[in-house]
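Peer 1: The sequence shown begins at 1 in the UniProt record's numbering and counts up one residue at a time.
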Amino acid sequence: MSKIHVLGICALLACNGPSKGETETQVASETASDSTTVTVMTTAGPTTGTDTTTGTTAEPTTAGPTTSTSTSTSTSTTTTSDTTTEPVTTTETTTTTTGGGSCVPLQCDGGVYACGDCMDNDGDGLVDQADPECVSPCDDREDTFATGLPGDNMDPCKQDCFFDGNSGGGAGDCAWNLKCDPKSPGGDKCPYDEDYKNCPMEQPQQCIDECQVPNGCDCFGCCTVVVDGMSYDIFLGDLDCSLAQIDSCQQCTKNPDCDDECHPEECEVCFGETEPPPGCDDPTCEGDAQPCEIDDMGQSDCPEGFYCKTGCCHVLEPG
């Protein structure tokens, strides 16, 4: 009897207990309602910035152009937990060339004179070869067309090649007497003499070949200049003759045998000018003479031993 009683009690307890499914549902429900966990993880890697600037300047070895080079390099790297960016490098190189350089004095016969010393001696804003009154670097005056050299063409009457840089005549050299000119360029010291008989117009071939006559001049320094639209034939041996005082210049008559006429219509640069006529890119030169230009410092692009006059390179005499 007692065995049957025990079995009955066990059956009763089994019927009233929770099923397996009920137990799992309850446990899951209780667990879900107990806590909710959200995890966010962010990792920022290191950020590296590198900026390097290197400058290099090339030392000049000549009086020519100066070149400087500047190189700038920057590198940046950024790393995160999800994305990695490769380094980015940017290089910029800048090269600058400046031309011209400083003025280089021109020597004449072992010395440096006013028209070759890289100075504006007369204060007109024009230096050396850029100054119309500078006939050549061998002139020692910028304020007038006269050379200013002691003994140069100082004979009041006898003249040789005005542009040879010396005062002495020689065999086959140009020869002229100012007494033969009715305009009396010799002034009171050598007036015109209508009875003077030694006035040969024809000049030796050596004179014509070797006297470096600028465009618009004859071999004795009688040159045509244009000022304010007016044309004047002036004698360069006049000690006080300048463009600023053109009316006071001694007038002259050109010798036709050694006169080098200027033709601006053919792009020739005439005496007293430093640039080609309007509409001309480059000046025209006779023979194999090299065209040239003069900058604001009075420097030209002629080779060593030459100077620029009327747009063409001439041999520097005496060098």
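All C-beta atoms in this analysis are idealised placements derived from N, C-alpha and C, irrespective of residue type, glycine included.
As the structure is a computational prediction, the values presented were derived from the model and not from experiment.
1) For the 8 Å Cβ check, are there 3 or more pairs between the region 109 to 118 and the region 282 to 294?
2) Counting only runs that start and end within the region 194 to 277, where is the alpha helix (DSSP H) found for 4 or more residues in a row?
3) Can you check which of these residues, Glu194, Ile208 and Asp155, is closest to glycine 186 by C-alpha distance?
4) Considering threonine 179, what are the terminal residues of the beta strand (DSSP E) in which it resides?
5) Which value, in whole angstroms, describes the spacing of the CA atoms of lysine 189 and valine 213?
6) Keeping to the same chain, check which residues put their C-beta closer than 8 Å to that of aspartate 257; ignore five residues upstream and five downstream.
7) With glycine 298 and cysteine 103 assumed to form a contact (beta carbons below 8 Å), what rounded beta-carbon distance in angstroms separates them?
8) Distance check for cysteine 292 and proline 182, CA to CA, integer angstroms please.
9) Considering phenylalanine 306, what are the terminal residues of the beta strand (DSSP E) in which it resides?
10) Quick one: grab the DSSP three-state call for glycine 116.
11) Just mark tyrosine 307 as buried or exposed, buried being the case when its beta carbon has 16 or more other beta carbons within 10 Å.
12) In the DSSP assignment, find the beta strand (DSSP E) that holds cysteine 312 and state where it starts and stops.
13) Exposed or buried, asparagine 215, counting other C-beta atoms within 10 Å across all chains shown (16 or more means buried)?
Peer 2: Once the coordinates are examined:
1) The region 109 to 118 is not in contact with the region 282 to 294.
2) Qualifying alpha helix (DSSP H) stretches, in chain order: 205 to 210.
3) Position 186 of the sequence shown, counted from the start, is the residue given in the question as residue 186. Comparing Cα positions, the closest option is Asp155.
4) Against the sequence shown, residue 179 aligns to sequence position 179. Note that residue 179 is lysine in the sequence shown here, rather than threonine. No beta strand (DSSP E) contains lysine 179, which DSSP labels as neither H nor E.
5) If you number the sequence shown from 1, residue 189 lands on position 189. If you number the sequence shown from 1, residue 213 lands on position 213. Going from the Cα of lysine 189 to the Cα of valine 213 covers about 26 Å.
6) By 1-based counting over the sequence shown, the position of residue 257 is 257. If we look at aspartate 257 and ignore the five residues flanking it on each side, its Cβ neighbours are Met201, Glu202, Gln203 and Ile208.
7) Translated into positions along the sequence shown, residue 298 becomes position 298. Translated into positions along the sequence shown, residue 103 becomes position 103. Indeed they touch by this definition, with Cβ atoms about 7 Å apart.
8) As a first step, residue 182 is located in the sequence shown; it is residue number 182 there, counting from the start. As a first step, residue 292 is located in the sequence shown; it is residue number 292 there, counting from the start. Proline 182 and cysteine 292: Cα-Cα distance of roughly 37 Å.
9) In the sequence shown, residue 306 corresponds to position 306, counting from 1. Element bounds for phenylalanine 306: 306 to 309.
10) Stepping through the sequence shown from its first residue, residue 116 is reached at position 116. Here glycine 116 sits in helix by DSSP.
11) By one-based count along the sequence shown, residue 307 stands at place 307. When all chains shown are included, tyrosine 307 counts as buried.
12) Counting from one through the sequence shown, the residue named residue 312 turns up at place 312. Run containing cysteine 312: 312 to 315, per the beta strand (DSSP E) assignment.
13) Sequence index remark: in the sequence shown, residue 215 carries index 215 (1-based). Asparagine 215 should be labelled buried.
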